[in-house]
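Engineer: For reference, each letter of the sequence shown is one residue, going 124 to 485 in our numbering. I have a structure I would like to understand better, so I am pasting it below and will then ask my questions one at a time.
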Amino acid sequence: MSLIAFPTRELFVEKIDEFDLIIFDRYSRRGVLPVLYFDNIARYVRDGGAVLVAAGPEFGKPGSIAETPLNTVLPAQPNGLIAETPFKPLLTDTGNRHPVTRGLDNGRGAEADWSRWFRTIGTDRQTGDVIINGAQDNPLLVLQRFDEGRVALLLSDHAWLWARGFEGGGPHVQLLRRMAHWLMKEPELEEERLSAYQDGNTLIVQRQTLGGTPPDAEVTAPDGSTSLLSFAETGPGVYTGELEEPQMGLYQIRNEDLSTLVHSGPANPREFANVVSTMELLAPVLETLGGNTVRVARDAADMPRIIPVRSGAAAFGNGWVGLNNTGATKLTGINRVSLFAGFLGLALLLFALAVMWTREGR
124 MSLIAFPTRE LFVEKIDEFD LIIFDRYSRR GVLPVLYFDN IARYVRDGGA VLVAAGPEFG
184 KPGSIAETPL NTVLPAQPNG LIAETPFKPL LTDTGNRHPV TRGLDNGRGA EADWSRWFRT
244 IGTDRQTGDV IINGAQDNPL LVLQRFDEGR VALLLSDHAW LWARGFEGGG PHVQLLRRMA
304 HWLMKEPELE EERLSAYQDG NTLIVQRQTL GGTPPDAEVT APDGSTSLLS FAETGPGVYT
364 GELEEPQMGL YQIRNEDLST LVHSGPANPR EFANVVSTME LLAPVLETLG GNTVRVARDA
424 ADMPRIIPVR SGAAAFGNGW VGLNNTGATK LTGINRVSLF AGFLGLALLL FALAVMWTRE
484 GR
């Protein structure tokens, strides 16, 4: 296997658009990837791809990926400083509201229930959202969107301390899973999201945002009527509105540039609970009225003949079914058209005069 050349061109030129996520874990350039490939990765990000950079000390040294064209899509640039002092990662105000880190095991408190880390890579020119701070309030986790793609930058290589249970460890699995799913555009982890669901006789509309209280949502009911629904904050970055006793059917909800659909009512209404064809349900009624049921096959030749019958006569037989001819009629409307009205009447009058004139002339 050691004699097989690594397929760098195939991966980073021909098939790069097929990747879901590219991860650089303490990566240092050693001549394996030409600079052109890093330009392809930057293009891949802007076209909708995802990159996760787990940085160590090499991020701020010669050979760093920050010295390649990839630096155009990095949310922060190294400044060459490395802080090696003990610290506990803490969520920022943005991180407390961001779906990637919201609710991470008491991470917002002054005494976070997490173990310490001992290294933070110094950066400057941050352009993304800093959601976790490290030593001396330096950024530890930065997220940013670039055009259609996304990048996450973890500025420490000590996440393994949480995995090993050092001083009780920390939520490393939850954090890394959420971070990867956000990079791959998991809908539930979108910063700006509108969703709705039904809980009993209440329709609950939920809006998550990094901003303040959102404006009222426009709710379109199944009958076409519209109403406004206000939100109340139910958690950091989460706002909820409730609609009591909604109509049965499909609701459409809009808030700013977001919209969603939600079905109100039982998922399986009674009319759809049992849709298997059966002749047993009508049997008691038909027995009283003297009727009959016929199973119709796919072949048109099996279709029974339909024959009108008198009231009280047999309504079925071998290969035929009868319809009771009651002779009842129903007047649905009357239309009247004037014969001598408008140009049509004038034409008929002139024609009659011409005929009379011709006959008199003879």
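A virtual CB, placed ideally from N, CA and C, is assigned to each residue, including glycine.
#1: What is the DSSP secondary structure of Leu412, counted as helix, strand or coil?
#2: Among Val174, Ala178 and Arg220, which has the Cα closest to the Cα of Leu333?
#3: Is Gln321 near Val385, with beta carbons less than 9 Å apart?
#4: Can you tell which of Trp285, Asp170, Asn447 and Asn202 has the C-alpha that lies nearest to the C-alpha of Asp236?
#5: Which one of Phe269, Ile205, Arg273 and Ala406 has the shortest CA to CA distance from Trp240?
#6: Can we say the segment 272-283 touches the segment 342-350, given the rule of at least three CB pairs closer than 8 Å?
#7: Where do the N-terminal and C-terminal ends of the alpha helix (DSSP H) with Asn202 fall, by residue?
#8: Could you give the residue range of the beta strand (DSSP E) that holds Trp237?
#9: In the DSSP output, what is Arg377 paired with across the bridge?
#10: In whole angstroms, what separates the C-alpha of Gln267 from that of Lys184?
#11: Would you tell me roughly how many angstroms separate the C-alpha atoms of Glu314 and Ser400, rounded to the nearest one?
#12: State buried or exposed for Gly486, treating a residue as buried only when at least 16 other CB atoms are found within 10 Å of its CB.
#13: Can we say the segment 188-208 touches the segment 290-301, given the rule of at least three CB pairs closer than 8 Å?
#14: My assumption, with CB atoms under 8 Å, is that Gly445 sits in contact with Ala437. Please give the rounded CB distance.
#15: When burial is assigned at 16 or more other CB atoms within 10 Å of the CB, is Ile457 buried or exposed?
#16: Just mark Glu141 as buried or exposed, buried being the case when its beta carbon has 16 or more other beta carbons within 10 Å.
#17: If contact is defined by three or more beta carbon pairs under 8 Å, each pair taking one atom from either stretch, is the segment 253-263 in contact with the segment 147-166?
#18: Does the Cβ-Cβ distance between Leu298 and Ala178 come in under 9 Å?
Structural biologist: In brief:
#1: Three-state DSSP puts Leu412 in a helix.
#2: Closest option to Leu333, judged by alpha-carbon separation, among Val174, Ala178 and Arg220: Arg220.
#3: Closer than 9 Å, so yes.
#4: Ranking Trp285, Asp170, Asn447 and Asn202 by Cα distance to Asp236 puts Trp285 first.
#5: When Phe269, Ile205, Arg273 and Ala406 are compared, the shortest CA-CA separation from Trp240 is found for Ile205.
#6: Of all C-beta pairs linking the segment 272-283 to the segment 342-350, fewer than three are shorter than 8 Å, placing the two stretches out of contact.
#7: Careful: Asn202 lies outside any alpha helix (DSSP H), inside the beta strand (DSSP E) at Gln200 to Ala206.
#8: First-last for Trp237: undefined, no H or E at that position.
#9: Paired residue(s): Glu341 and Ser382.
#10: Between the C-alpha atoms of Gln267 and Lys184 there is a straight-line separation of about 23 Å.
#11: Linking Glu314 to Ser400 through their CA atoms gives a straight-line distance of about 48 Å.
#12: In the structure as shown, the chain starts at 124 and stops at 485, and residue 486 therefore has no counterpart that could be examined.
#13: No, the segment 188-208 is not in contact with the segment 290-301.
#14: Your pair Gly445 and Ala437 checks out as a contact, with CB atoms roughly 7 Å apart and the cut at 8 Å.
#15: Per the 10 Å Cβ criterion, exposed.
#16: Exposed, since its Cβ has fewer than 16 Cβ neighbours within 10 Å.
#17: The segment 147-166 makes no contact with the segment 253-263; the number of CB pairs closer than 8 Å stays below 3.
#18: The answer is no: Cβ separation not under 9 Å.
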